[in-house]
Each structure stands twice: as structure tokens, then as C-alpha cells.
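Comments concern the structure below.
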Amino acid sequence: MLFHWAPDPIMLNLGFIQLRWYGLLFSAAFLVGLVIFNRVFKEQKKDLKLLDPLMIYAMVGIVLGARLGHCLFYETEYYLRNPLQILYVWKGGLASHGAAIGMLVAMFLFARKYKDFTFLWLLDHVTLNVAFGGGMIRLGNLINSEIIGKPTGGDWGFIFGLIDQVPRHPTQAYESFFYFNLFALLWLLYKKGYGQKTGLMAGVFFVGTFSFRILVEFLKENQSLFENELSYNMGQWLSVPAVLIGISLIIYSNKAK
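Sequential numbering of the sequence shown, starting at 323, is according to our numbering.
Given below as C-alpha cells:
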């Protein structure tokens, strides 16, 4: 029941440039998102000319939010002393909670500029992309042997050979599996017409994603040393308000006309 895991994170090494599996999966997530939104725009009779700027808003918001989230939530002191290091995205460090905040800001700004869209309509439908993207990114984390789980305490689990020889929970795989299933649920809700029930899909996404995040964090190693002194780690604390936002959206969607 032991699975020895030590893949090379570099997909192709050309010397002057390295192509990594994580980057491929990250890019693929946005490409699939573009395909999804293209279909949504056609079915909802939205102007396809606005699809490209929407994807740019989403990409910038998610990536920028994820990077700032990691720097401010997990390594605050270091990045306050070395602010230029925030720009060194190739060194790694992205936080899903920051990505969620970046997504909210991006959709709000897009809705303000393009009056054909409401903020909640955008938020409902962008969750399709984000759920699928979350599954792809966690696969990238698995290939990188990062964000690892705690020891299983038994004779089963993943042995991340690049780190140690201890059987651990493959929490990246757990999360990836969950996000792909959440995407399937959200797509089903969309096809059933619940995309017209303002805020419902976004609410399901927030409640589902961050409730699961609270649970799976019990199986993960802390990402920063300061978290060892906390009863619950940073990921769990940040997930609580996100779950409350999701519950509020579901309640609102059932009251809205």
C-alpha cells in the first residue's frame, strides 16, 4: 500500500529555459477555463468580444491575489523586509485564499466597467473555472512534492522521496479529487439552470471548497513555522470567513427574485 513518489518537476530542460509540469497544468487550467466560458457566453447570449478581457481580469486577479496572499498570510515578516521578493514568482509561493480574494476583486472591477454583467453573475460562473483550475493546480503540487500531508502512522501512503522516506497522506491528491468533483457538481447546477439563481453557485463553491479545506488541513503539514503554535493553522482560520460568505450567498440566492 506504499506508493513511492519522486517525479521530476521539470518536464523539459532546454538549458536556457525549463518547462515545468506545474506551469503546464496552471496554463491548461486557464485554457480549459476559456473553453468553458466561451460556451457559457454563447448559451447566455453574452458578447463574445468581452470574453478575452474577462479572462485577463480573472487571470491577473487570481495570480496576483494568490501571490500576495502567500506573502502576507504565511511569510509576512520576510516579505515586509524584502518587498521586491514578492515579484519573484518563479521561486514559488501561491495561496488559494489570496486567489479567492483576487477573484472577488477582479470580478467586481469587471462588473463596474462592463455594465452588461452583474458582480454575482460573474462570480457564479467563474466558479466553474476556479473549481477545475483548483484540481489542476493541486496535481501540480503533487508533482512538485509540495504542500505534503502528515505521516499516516501506518504502512500505507505516499513516500515523497524528494523529502523523506515517511509514508504520508497525499493531501494534494485528496484536494484535486475533491475540486474536480466540485466542478462536476457546479456544472450540473449550471446545466439545470441554477446559474440564473443569483449567488447560488458561488455560495456552493465557497461553502464546499473552504469547508473541505478546514477538514483536509488536519492531515497537512503546516506551511510556516509560526503555525505550529496555533490551535488551528492559517489555512483553517482563513477558511472560516469564506464559508460564512458562501452561506450568506446561498441564503441570498433563495430570497432573491
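Glycine included, every Cβ here is placed at the ideal spot set by N, Cα and C.
On a predicted model such as this, the values are computed, not experimentally measured, just so you know.
1) Compare the C-alpha of Ile332 against each of Ala564, Gly345, Ala453 and Leu394 and name the closest.
2) Excluding the five sequence neighbours on either side, which residues of its own chain have a C-beta within less than 6 Å of the C-beta of Val582, listed in chain order?
3) Taking Ser467 and Trp327 to be in contact with their CB atoms under 8 Å, please state how far apart those CB atoms are, rounded to whole angstroms.
4) Grab me the residues of Tyr325's own chain with a C-beta within less than 8 Å of its C-beta, minus the 5 sequence neighbours each way, in chain order.
5) Spell out a yes or no on whether the stretch 391-410 and the stretch 442-458 are touching, meaning 3 or more CB-CB pairs, one atom from each, closer than 8 Å.
6) Rounded to whole angstroms, what's the CA-CA distance from Met323 to Thr474? Just pull it up for me.
7) At what residue ranges does the stretch 356-431 contain a whole run of the beta strand (DSSP E), taking only runs of 3 or more?
8) Assuming Ile569 is part of the beta strand (DSSP E), what are its boundary residues?
9) On a CA-only basis, which of Phe548, Leu444 and Ile378 is nearest Gln518? Give me that one, please.
10) Got a sec, what are the start and stop residues for the beta strand (DSSP E) Phe338 sits in?
11) What are the start and end residues of the beta strand (DSSP E) that includes Trp327?
12) Pull up the distance between the alpha-carbon of Ser533 and that of Met556, whole angstroms please.
13) Who are the near neighbours of Ile470 in its chain, counting only those whose CB is closer than 6 Å to its CB and skipping five residues on each side?
14) Give me the Cα-Cα distance between Met429 and Ala380, rounded to the nearest whole angstrom.
15) If Val529 and Ile573 are in contact, beta carbons under 8 Å, what's the gap, nearest whole angstrom?
16) Quick one: complete alpha helix (DSSP H) runs, 4+ long, within the stretch 459-541?
17) So, under 8 Å CB-CB, Gly515 and Ser575 are touching, yes? Tell me the CB distance rounded to an integer number of Å.
18) Starting from the C-beta of Gln558, find all residues in its chain whose C-beta is less than 6 Å away, skip the five residues before and the five after it, and write them out in chain order.
19) Please classify Leu623: does DSSP put it in a helix, a strand, or coil?
20) Is the separation between the beta-carbon of His419 and that of Leu560 shorter than 9 Å?
21) Helix, strand or coil for Glu549? Go by DSSP, reduced to three states.
22) What separation, rounded to the nearest whole angstrom, lies between the Cα atoms of Lys577 and Leu571?
23) So Ser498 and Leu541 are in contact, right, with Cβ under 8 Å, and what is the actual spacing, rounded?
Taking the structure as given:
1) To locate residue 332, count along the sequence shown from 1; it is residue 10. Selected option, being the one with the closest Cα: Gly345.
2) In this structure the chain extends from 323 to 579, so residue 582 is not present and cannot be described.
3) Position 145 of the sequence shown holds residue 467. Position 5 of the sequence shown holds residue 327. Correct: roughly 7 Å between the Cβ atoms.
4) The count along the sequence shown starts at 1 and reaches residue 325 at position 3. Here residue 325 turns out to be Phe, not Tyr, going by the sequence shown. These residues qualify, in order along the chain: Gly479, Phe480, Ile481 and Pro492.
5) Inter-segment contact for the stretch 391-410 and the stretch 442-458 is absent: fewer than three beta-carbon pairs are separated by less than 8 Å.
6) Looking up residue 323 in the sequence shown gives position 1. Looking up residue 474 in the sequence shown gives position 152. Each residue's Cα considered, the two are about 11 Å apart.
7) Fully enclosed beta strand (DSSP E) runs of 3 or longer: not present.
8) In the sequence shown, counting from the first residue as 1, residue 569 sits at position 247. For Ile569, no beta strand (DSSP E) run applies; the uninterrupted alpha helix (DSSP H) run containing it begins and ends at Met556 to Lys577, by DSSP.
9) Position 196 of the sequence shown, counted from the first residue, corresponds to residue 518. Among Phe548, Leu444 and Ile378, the Cα nearest to that of Gln518 is on Leu444.
10) Along the sequence shown, one-based indexing puts residue 338 at 16. Here Phe338 belongs to no beta strand (DSSP E), and DSSP marks it neither H nor E.
11) As a working note, residue 327 is residue 5 in the sequence shown. Per DSSP, Trp327 belongs to the beta strand (DSSP E) from Leu324 to Trp327.
12) For this step, residue 533 is matched to residue 211 along the sequence shown. For this step, residue 556 is matched to residue 234 along the sequence shown. Answer to the nearest angstrom: the Cα atoms are 14 Å apart.
13) Taking the first residue of the sequence shown as 1, we reach residue 470 at position 148. Closer than 6 Å at Cβ, skipping near neighbours: Phe482, Arg490 and Glu543.
14) Start at 1 with the first residue of the sequence shown, and residue 429 comes out as number 107. Start at 1 with the first residue of the sequence shown, and residue 380 comes out as number 58. Cα-Cα distance, rounded: 7 Å.
15) Sequence index remark: in the sequence shown, residue 529 carries index 207 (1-based). Sequence index remark: in the sequence shown, residue 573 carries index 251 (1-based). Taking 8 Å as the upper bound for CB-CB distance, Val529 and Ile573 are not in contact here, some 11 Å apart.
16) DSSP runs (the alpha helix (DSSP H)) wholly in the stretch 459-541: 493-513 and 522-538.
17) Along the sequence shown, read from residue 1 onward, the residue named residue 515 stands at position 193. Along the sequence shown, read from residue 1 onward, the residue named residue 575 stands at position 253. Not really, about 13 Å apart at Cβ, beyond 8 Å.
18) What you label residue 558 is simply residue 236 of the sequence shown in a count that begins at 1. Within the same chain, Gln558 has close Cβ partners Ile536 and Glu539.
19) Here the chain comprises residues numbered 323 to 579, so residue 623 is not present and cannot be evaluated.
20) To locate residue 419, count along the sequence shown from 1; it is residue 97. To locate residue 560, count along the sequence shown from 1; it is residue 238. Against a cut-off of 9 Å, the Cβ pair of Leu560 and His419 comes out as a contact.
21) To locate residue 549, count along the sequence shown from 1; it is residue 227. Three-state result, Glu549: helix.
22) Here the question's residue 577 lines up with position 255 in the sequence shown. Here the question's residue 571 lines up with position 249 in the sequence shown. Approximately 10 Å between the Cα atoms of the pair.
23) One-based indexing of the sequence shown puts residue 498 at position 176. One-based indexing of the sequence shown puts residue 541 at position 219. Incorrect: roughly 14 Å between the Cβ atoms, too far for contact.
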